[in-house]
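Counting from -5, one number per residue, gives the positions in the sequence shown under the working numbering. We treat Cβ as the ideally placed atom computed from N, Cα and C, and that holds for glycine.
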Amino acid sequence: MRRYIIAGNWKMYKTITESIELANSLKRELIDCASLDIVLCPNYVALSEVQEVVYGTNIEVGAQNVFWQEEGAFTGEVSAAMIKDVGCKYVIIGHSERRQYFNETNETVNKRITHALKHELIPIVCVGENLKQRESEKTFEVVEDHIKGALGGFAKEELSSLIIAYEPVWAIGTGKTATPDQAQQVHKFIRDLLAKLFDEEFASSVRIQYGGSVKPENANDLMTQNDIDGALVGGASLKVDSFVKIVKITESIIK
Ligand code: PGA
């Protein structure tokens, strides 16, 4: 059985002080939620303090990106060793905002995954179509391209920790959510594709999160879909109440 994973992507929100406060409140509320994985992804400068808050609990920390070189003159970049050293277990790679605003491509996503895996970070690899692509019925084509680009050249053994996040761009931060059916359809497509590219056993073991305006109101309907194994939550992860509810709703499905 795949273990559910709920991750909060805090994006470029929260100062260090605010991040510590949010992490402390979440820790108080979620300390007993041990039947699923919970991950907080604050900005780089708050990673250390957030890690300190949740250290030794059931809550883990992830970074929002990683560069692909070990070290060097790459002003502004952060390596996997640095992320690992600060205590991160996870790293988000290829988020649509990175693709949209920072020229992230399948090729750079692939390099970042290689580097993250080398340092035993668990990659949360984001894929998903934008509105224009959905409207012109290119969803599956785009998702296939993202998956093949991200995972090309890897053997399944190297990808045993892989997490995929299906995030339709038109649903991110817009309040529009994919319907549970729409999301399930793409998740199933991704799993079938993984079976084709690798094998059935591998495909059935990979966790696929849904992301895009996940909130307490839609969490149950999304998380109960067969091929949805968790959520990558943006806006609703910045508020204690809504993130806690999403985690608890997901927990109630497991029990
Ligand atoms: P959202 O963001 O929940 O605010 O739509 C999700 C994401 O970008 O990961």
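Could you have a look at residue i and say whether DSSP puts it in helix, strand or coil?
i              : result
glutamine 203  : strand
isoleucine 141 : helix
glycine 229    : helix
tyrosine -2    : coil
proline 210    : helix
valine 39      : helix
valine 121     : strand
isoleucine 240 : helix
valine 33      : strand
glutamate 23   : helix
isoleucine 222 : coil
alanine 17     : helix
Are residue i and residue j touching if we call contact CB-CB under 8 Å?
i             : j              : result
asparagine 37 : methionine 6   : yes
valine 119    : alanine 144    : yes
serine 155    : isoleucine 116 : yes
valine 33     : alanine 74     : no
glycine 206   : glutamate 161  : yes
Which word fits residue i, buried or exposed, when buried means at least 16 other C-beta atoms lie within 10 angstroms of its C-beta?
i              : result
lysine 261     : This structure cannot settle anything about residue 261, because the visible part of the chain is limited to -5 through 249.
asparagine 3   : buried
arginine 22    : exposed
isoleucine 141 : buried
glutamate 123  : buried
tyrosine 262   : An answer regarding residue 262 cannot be provided, because it is not within the stretch -5 to 249 covered by the chain.
threonine 99   : exposed
Please check the pair residue i and residue j, which I expect to be a contact at CB under 8 Å, by giving their CB distance rounded to whole angstroms.
i           : j              : result
valine 55   : leucine 41     : 6 Å
alanine 213 : isoleucine 240 : 5 Å
Next on the checklist: My parser needs the beta strand (DSSP E) runs of 3 or more residues fully inside the region 83 to 110; what are they?
Outcome noted: Restricting attention to beta strand (DSSP E) runs no shorter than 3 residues, the region 83 to 110 encloses them at 84 to 87, ordered along the chain.
Next on the checklist: For a minimum of 3 consecutive residues, which ranges assigned as the beta strand (DSSP E) are wholly contained in the region 143 to 206?
Outcome noted: At a cut-off of 3 residues, the continuous stretches assigned as beta strand (DSSP E) that sit fully inside the region 143 to 206 are 157 to 160 and 201 to 205.
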